[in-house]
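Engineer:
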Amino acid sequence: MKLIFVKDVAAHLGEEVTLRGWVRNIRHSGKLLFIILRDGTGELQCVAFQPELGEEMFDAAKRLTMESSLIVTGIPKPHQKLAGTFELSVKSVKSIQIAEEYPIGKKEHGPDFLLSNRHLWIRSPKQWAVLRIRHTVYYAICDWLNNNDFIRFDSPILTPNACEGSTTLFELEYFDEGKAYLSQSGQLYLETGIMSLGRVYDFGPVFRAERSKTRKHLTEFWMMDAEAAFVEHAESMQIQEDLIRYVIRDVLAKCDTELTILERDKAALEAADAPFKIMTHREAIDYLRSKGSEITHGSDLGAADEVLLTEGSPVPIFIEKWPKEIKAFYMKRDPDNPDLVLGSDLIAPDGFGEIIGGSQREDDHDLLLERMKAEKMPLEDYQWFLDLRKYGSVPHSGFGVGLERLVAWMSGTHHIRETIPFPRMIYRIYP
RNA sequence: UCCGGAAUAGCUCAGCGGUAGAGCGGGUGGCUGUUAACCACUAGGCCGGGGGUUCGAAUCCCUCUUCCGGAGCCA
């Protein structure tokens, strides 16, 4: 009994093999029975013929229901109807458990029902495909960083203070130390890491207690923050572009089946693997106004503006040099214009929105202190951060990639809630 | 938090003043090539909760609850 996975059937044609998995669907027509088996690596049609299986085993196999678990032995052969694919000629079927009436049917379902059944929904082909793309994107990011001298430097999730001070944090009691908060970004800690390791990154869940209710927001999401010493603004954007283009190529190379299941336009992804556009914030506003937007200079881009801006652009667009008022305290002033900061947002095509936020950091102690005072930040909580500007300060830059948004773009998934196994949103914490 | 929309069978929906419907899923039977298989039969309902209007309400009005979509904030 040779145990194999569905993905490997092509290598075992004509040879008796055993597979284990679940029933995606089952059909029978008299003495013929078709079981669509899935095992995590793929799907395989298993064909059982009553005279070959014997009446007893055939009748037992007919009692399998959708999502029943089973062990099936047979011989892989070319599919009789679909050229280029394979099917299993069944010798024996053994059920492990007969599934009860499965809640998720073959017809469409509403999002509320599916999210309430997320623990089962993840078995569906599109969810399977998205989660596999998530895996590929995650490791592509790590691969690129590891190959470009970045060292993994895990930042804490429990923190004594806010990173940027702007967004609402989840708060909890921390023994006798008072309040602690769930991290919304590991960035400030990463800035300490570069003074030891040169280039560092972290990758983990971060938390925002904002009452955001859009297809681009979760309260718990995964972010990769990278930070590099001696890297200035323009070089940082180049690093971001190289990283994202590597992810695109890796997803195209490894996830062809998944992209097909999701009906993702692969040519559009291929086209995105080209030099990214760079616009200043001022240029972006001018462009948007020329296209009919009501946006004014000095304002942040709304969701509709992001769509309008990237319309017709095959590649993502960097928006750089933002007004200092609407960006975080730690961003470095533009030496050519003190009203601007050397920050950039990377906007993905097709309305998938901002996938990276990055900037060169303020490395001058006094300018940083002045900015923190202006923001009325509790300075005693940030002495360690200010220390970095006292002991060998260097120019440095960093950026944060939102994993789910990147996966949404790669997979062509409209709503970010499908790009993480168990999405956390303001009105949903189950399952 | 604000602005829209929705709630009817397990699921997706139709019905929009006059006896509660379909498809899928479930059950029973039929079929040797099915692809969300097909065919026949069958079970399954406090029409989201509360209040009103009416001879009569799933249907009209008020209210509450829940969910969805969008905005803002951001990745």
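When we follow our numbering, the leftmost residue of the first sequence carries the number 583, and every step to the right adds one. A virtual CB, placed ideally from N, CA and C, is assigned to each residue, including glycine.
Please return the same chain residues whose Cβ sits closer than 7 Å to the Cβ of isoleucine 776, not counting the five positions on each side in sequence.
Structural biologist: Val782, Glu809, Ala810, Ala811 and His978, listed in sequence order.
Engineer: In this structure, does DSSP put valine 654 in helix, strand or coil?
Structural biologist: Valine 654 falls in the strand class under three-state DSSP.
Engineer: Can you tell me the Cβ-Cβ gap for arginine 915 and lysine 906, rounded? I've got them flagged as a contact below 8 Å.
Structural biologist: Contact flag correct, Cβ pair sits at about 7 Å.
Engineer: Output the residue ranges of the beta strand (DSSP E) runs that lie fully inside the stretch 777-819 and measure 3 residues or longer, sorted by chain position.
Structural biologist: If we require 3 residues or more, the beta strand (DSSP E) runs fully inside the stretch 777-819 come out as 781-789 and 802-811.
Engineer: Could you tell me whether the stretch 685-705 touches the stretch 957-976, where touching means 3 or more Cβ pairs closer than 8 Å?
Structural biologist: Segments in contact, no.
Engineer: Select from His661, Phe785 and Gly656 the residue whose C-alpha is nearest the C-alpha of glutamate 597.
Structural biologist: Measuring from the Cα of glutamate 597, the nearest candidate turns out to be Gly656.
Engineer: Which stretch, first to last residue, makes up the alpha helix (DSSP H) that contains lysine 848?
Structural biologist: Looking at the DSSP string, the run of the alpha helix (DSSP H) that includes lysine 848 is 848-854.
Engineer: I need the boundaries of the beta strand (DSSP E) containing serine 941, first residue and last residue.
Structural biologist: Here the beta strand (DSSP E) through serine 941 covers 935-942.
Engineer: Beta-carbon within less than 7 Å of tryptophan 991's beta-carbon, same chain only, minus the 5 sequence neighbours each way: which residues are those?
Structural biologist: Contacts found: Ala930, Phe934 and Ile937.
Engineer: Taking just the CA atoms, how far does methionine 959 sit from glutamine 709?
Structural biologist: Whole-angstrom Cα-Cα distance: 43 Å.
Engineer: So methionine 992 is in the beta strand (DSSP E); what residue range does that whole segment cover?
Structural biologist: That residue, methionine 992, is in no beta strand (DSSP E); its alpha helix (DSSP H) goes 985-993.
Engineer: For the stretch 615-674, list the beta strand (DSSP E) runs that are entirely contained and at least 3 residues long, ordered along the chain.
Structural biologist: Listed in chain order, they are 625-631 and 651-660.
Engineer: Taking the alpha-carbon of proline 920 as reference, which of Arg953, Pro633 and Leu890 has the nearest alpha-carbon?
Structural biologist: Among Arg953, Pro633 and Leu890, the Cα nearest to that of proline 920 belongs to Arg953.
Engineer: Between glutamate 669 and leucine 626, how many whole angstroms is the CB-CB distance? I'm expecting something under 8 Å.
Structural biologist: About 7 Å; that satisfies the 8 Å criterion.
Engineer: Report all residues from its chain with a CB closer than 6 Å to the CB of tryptophan 604; omit the five preceding and five following residues, and keep chain order.
Structural biologist: Around tryptophan 604: Arg620, Glu649 and Ser651.
Engineer: Could you tell me the alpha carbon to alpha carbon distance between tryptophan 966 and methionine 1007, rounded to whole angstroms?
Structural biologist: Spanning the two alpha carbons is a distance of roughly 33 Å.
Engineer: With DSSP as the reference, label proline 707 as helix, strand or coil.
Structural biologist: Here proline 707 sits in helix by DSSP.
Engineer: In whole angstroms, what is the alpha-carbon distance linking glutamate 840 and aspartate 832?
Structural biologist: C-alpha separation (whole angstroms): 13 Å.
Engineer: Applying the criterion that 16 or more other CB atoms from any shown protein chain within 10 Å of the CB defines a buried residue, is threonine 995 buried or exposed?
Structural biologist: Per the 10 Å Cβ criterion, buried.
Engineer: Would you kindly check if the distance between the Cβ of valine 712 and the Cβ of glutamate 986 is under 8 Å?
Structural biologist: For glutamate 986 and valine 712, no; Cβs fall outside 8 Å.
Engineer: Measuring CA to CA, which of Tyr771, Leu740 and Ser767 is closest to glycine 760?
Structural biologist: For the residues Tyr771, Leu740 and Ser767, the minimum Cα distance to glycine 760 belongs to Leu740.
Engineer: Any chance the stretch 816-835 sits against the stretch 785-804, with 3 or more Cβ pairs inside 8 Å?
Structural biologist: No, because fewer than three Cβ pairs between the stretch 816-835 and the stretch 785-804 fall closer than 8 Å, the two stretches do not touch.
Engineer: Report the three-state DSSP secondary structure of serine 531 (helix, strand or coil).
Structural biologist: With the chain represented from 583 up to 1013, any question about residue 531 goes unanswered, as that position is not in the structure.
Engineer: Assign proline 920 to one of three DSSP states: helix, strand, or coil.
Structural biologist: Reduced to three states, the DSSP call for proline 920 is strand.
Engineer: Taking all protein chains shown into account, do 16 or more other C-beta atoms lie within 10 angstroms of the C-beta of aspartate 887, making it buried, or fewer, making it exposed?
Structural biologist: Answer is buried; the Cβ neighbour count reaches 16.
Engineer: Quick one: residues in its chain with C-beta nearer than 6 Å to the C-beta of lysine 873, no 5 flanking neighbours on either side, listed in chain order?
Structural biologist: Cβ neighbours of lysine 873 beyond the five flanking positions: Leu890.
Engineer: From the DSSP output, read off the bridge partner residues of threonine 842.
Structural biologist: Partner(s): none; threonine 842 has no beta bridge.
Engineer: Using DSSP with H/G/I as helix, E/B as strand and the rest coil, what is aspartate 963?
Structural biologist: Reduced to three states, the DSSP call for aspartate 963 is helix.
Engineer: Count the other CB atoms, across all protein chains shown, that sit within 10 Å of the CB of arginine 609; report buried if there are 16 or more and exposed otherwise.
Structural biologist: Exposed, by the Cβ-count rule.
Engineer: Can you check whether the CB of glycine 925 is closer than 8 Å to the CB of glycine 982?
Structural biologist: No.
Engineer: Are there 16 or more other CB atoms within 10 angstroms of the CB of glycine 560, so buried, or fewer, so exposed?
Structural biologist: A query on residue 560 cannot be resolved here, the shown segment of the chain reaching from 583 to 1013 and no further.
Engineer: Which same chain residues, not among the five before or five after lysine 589, have their C-beta less than 6 Å away from its C-beta?
Structural biologist: Correct list, in chain order: Thr623 and Gly624.
Engineer: How is arginine 716 classed by DSSP in three states: helix, strand or coil?
Structural biologist: If DSSP states are grouped into helix, strand and coil, arginine 716 belongs with the helices.
Engineer: Quick one: give me the first and last residue of the beta strand (DSSP E) that alanine 762 is part of.
Structural biologist: First-last of the beta strand (DSSP E) with alanine 762: 761-764.
Engineer: Just to confirm, are lysine 848 and threonine 718 a CB contact at a threshold of 8 Å?
Structural biologist: Their beta carbons are not under 8 Å apart, which means lysine 848 does not touch threonine 718 by this criterion.
Engineer: Taking aspartate 641 as the reference, give the member of Leu727, Val675 and Val989 with the closest Cα.
Structural biologist: Among Leu727, Val675 and Val989, the Cα nearest to that of aspartate 641 is on Val675.
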